[in-house]
Amino acid sequence: MTNDYRFEFRSYQRRFLRSLTTNHGKWDIREGIILRLTDESGKVGWGEIAPISWFGSETLEQALDFCRQLPREITDEIIFSIPDELPACQFGFESACEMGSGEWGVGSGGDNFITPKSSLFLYSALLPAGEAALNQWKTLWQQGYRTFKWKIGVNAIADELEIFELLIHTLPASTKLRLDANGGLSYEEANLWLRTCDNLKANPELPLEIEFIEQPLPVEKFQQMLELSTSYETAIALDESVATLRQLADCHQQGWQGIFVIKPGIVGSPSRLRKFCHQYQIDAVFSSVFETAIARLAALQLAAELSQNNRAIGFGIDHFFEQEDTWLQTLWNDL
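Shown next as structure tokens:
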């Protein structure tokens with residue numbers, strides 16, 4: 003039986019409290035689309051399209067063009083035939099369907115989305131690039147975070163290695179640290195980082211655990227990352243290389259047995275992601291795309307279902323935005 007929905011949407015902009023700096027550059031404003039589906043019985047499902055075009059999804063304009071060309075009344079058939087070139091749209095519309103159907107045990111009221119962090123998860127907090135990390139971790143530690151991700155490949159490698167040396171001897175003993183290069187290292191730099199981490203792992207006096215280096219090389223250097231993953235003890239996680247379901251399946255087929263960082267907000271169809279993860283039992287870390295609470299609820303639902311190895315999920319990003327409770331409620335009321 004095909005369901006019919008009344009479809010409404012609105013775009014949004016949220017300014018970061020501080021610029022997010024990665025190898026891809028500086029990011030000051032998060033833009034996206036909030037959508038609402040109302041079925042014939044009046045049940046409401048909320049969804050969010052939060053593309054990151056430089057990471058591998060469609061652009062915001064492509065997503066807006068898609069929403070604008072849709073009729074006010076849409077069906078399941080339309081939703082489940084969204085093309086793979088629009089992965090953030092696939093996620094937003096499918097998750098709205100799931101929410102409206104009650105599959106998550108969530109009602110149609112807006113304030114259901116503003117939920118505290120689930121005790122089912124460990125959260126990884128994102129540290130700012132450069133020296134700012136040396137102080138920022140303290141506040142986050144007091145908030146309960148025990149896993150941190152630090153951006154590398156942003157500044158000169160000699161400077162970053164110096165800061166890294168200070169950071170690892172500053173963080174408490176029970177910390178897990180992830181290094182995220184966003185594909186910004188050369189092959190020689192990646193080897194240097196991996197050798198440095200291996201040497202630290204071999205030091206029994208090192209108080210913390212270096213969990214993995216995330217996406218050390220650009221997407222097109224997959225074979226070199228595959229080689230590096232078997233050459234060092236320090237684990238490598240793919241991120242940009244597996245931004246979408248198509249890329250995820252391709253890297254798995256080519257032999258990647260390491261960690262996959264999955265960003266639900268841009269990976270594509272939730273139903274197809276479930277099928278893939280159940281079939282192959284991959285080692286996945288679920289991570290934020292700096293979405294609002296709407297997409298975050300959908301992403302956490304997937305993480306709860308599909309996480310295998312009790313790895314901290316990368317949703318410790320609240321400190322990059324002002325509290326969104328009032329902002330979201332205003333947006334919903336305007337729809």
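Here the sequence shown stands for residues 3 to 337, numbered as in this note's numbering.
Yeah, the Cβ is synthetic: ideal placement off N, Cα and C, and Gly gets one too.
Using the DSSP secondary-structure output, state which residues sit across from residue i in a beta bridge.
i, result
"W29", "L22"
"W48", "R38"
"V263", "V287"
"R70", "DSSP, once it has assigned bridges, lists no residue as partnering R70."
"I238", "I215"
"R12", "I36"
"R17", "I31"
"Y2", "In the structure as shown, the chain starts at 3 and stops at 337, and residue 2 therefore has no counterpart that could be examined."
Mind checking which residues open and close the beta strand (DSSP E) that includes residue i?
i, result
"V287", "D285 to F288"
"A251", "First-last for A251: L247 to Q255, but that is the alpha helix (DSSP H), not the beta strand (DSSP E)."
"T149", "T149 to K153"
"D182", "K178 to D182"
"F317", "I315 to G318"
"A127", "Y125 to L129"
"E75", "E75 to T77"
When burial is assigned at 16 or more other CB atoms within 10 Å of the CB, is residue i buried or exposed?
i, result
"F322", "buried"
"Q325", "exposed"
"K277", "exposed"
"L22", "buried"
"D241", "buried"
"I1", "No answer is possible for residue 1: the residues shown for the chain start at 3 and end at 337."
"Q145", "exposed"
"Q92", "buried"
"P118", "Here P118 scores only 40 on pLDDT, less than 50, and its place in the model is too uncertain to base an answer on."
"D30", "exposed"
"T1", "Absent from the structure is residue 1, since the part of the chain shown begins at 3 and ends at 337."
"D67", "exposed"
"A295", "buried"
"G44", "exposed"
"M227", "buried"
"R20", "exposed"
"R298", "buried"
"P206", "exposed"
"T141", "exposed"
"R17", "exposed"
"W56", "exposed"
"D161", "exposed"
"T4", "exposed"
"E50", "buried"
"N312", "exposed"
"E63", "exposed"
My assumption, with CB atoms under 8 Å, is that residue i sits in contact with residue j. Please give the rounded CB distance.
i, j, result
"G94", "I35", "7 Å"
"L88", "E60", "5 Å"
"G155", "L124", "Actually they are not in contact, since the Cβ atoms of G155 and L124 sit about 25 Å apart, beyond 8 Å."
"S126", "K151", "5 Å"
"A175", "L210", "6 Å"
"L208", "I170", "7 Å"
"I212", "L179", "5 Å"
"K203", "T149", "16 Å between Cβ atoms; not a contact."
"V263", "V291", "Not confirmed; about 11 Å, so no contact."
"L230", "L247", "That belief does not hold up - the Cβ atoms of L230 and L247 are roughly 24 Å apart, past 8 Å."
"F288", "A301", "6 Å"
Would you kindly report the start and end of the unbroken alpha helix (DSSP H) that includes residue i?
i, result
"T198", "Y189 to K203"
"T141", "A135 to Q144"
"L230", "F224 to S231"
"Q92", "P89 to G102"
"D161", "I159 to I170"
"P272", "P272 to Y282"
"E207", "Taken as a continuous stretch (DSSP letters only), E207 belongs to no alpha helix (DSSP H), as it is neither H nor E."
"I296", "A295 to L308"
Can you check whether the C-beta of residue i is within less than 8 Å of a C-beta belonging to chain B?
i, result
"K203", "Given the protein chain composition of this structure (a single chain), no chain B is represented."
Point to revise | Three-pair Cβ contact test at 8 Å for the region 311-319 versus the region 270-278 | key: no
Point to revise | Touch test, the region 233-249 against the region 209-218, Cβ-Cβ under 8 Å, three pairs minimum | key: These segments touch.
Check your understanding: Does the pairing of the region 247-262 with the region 68-76 give three or more beta-carbon distances under 8 Å?
Key -> Too few Cβ pairs lie closer than 8 Å, so no.
**Study point:** Inter-stretch contact at 8 Å, needing at least 3 Cβ pairs: the region 73-92 / the region 130-141
**Key:** Contact between the region 73-92 and the region 130-141 is absent, because fewer than three Cβ pairs lie under 8 Å.
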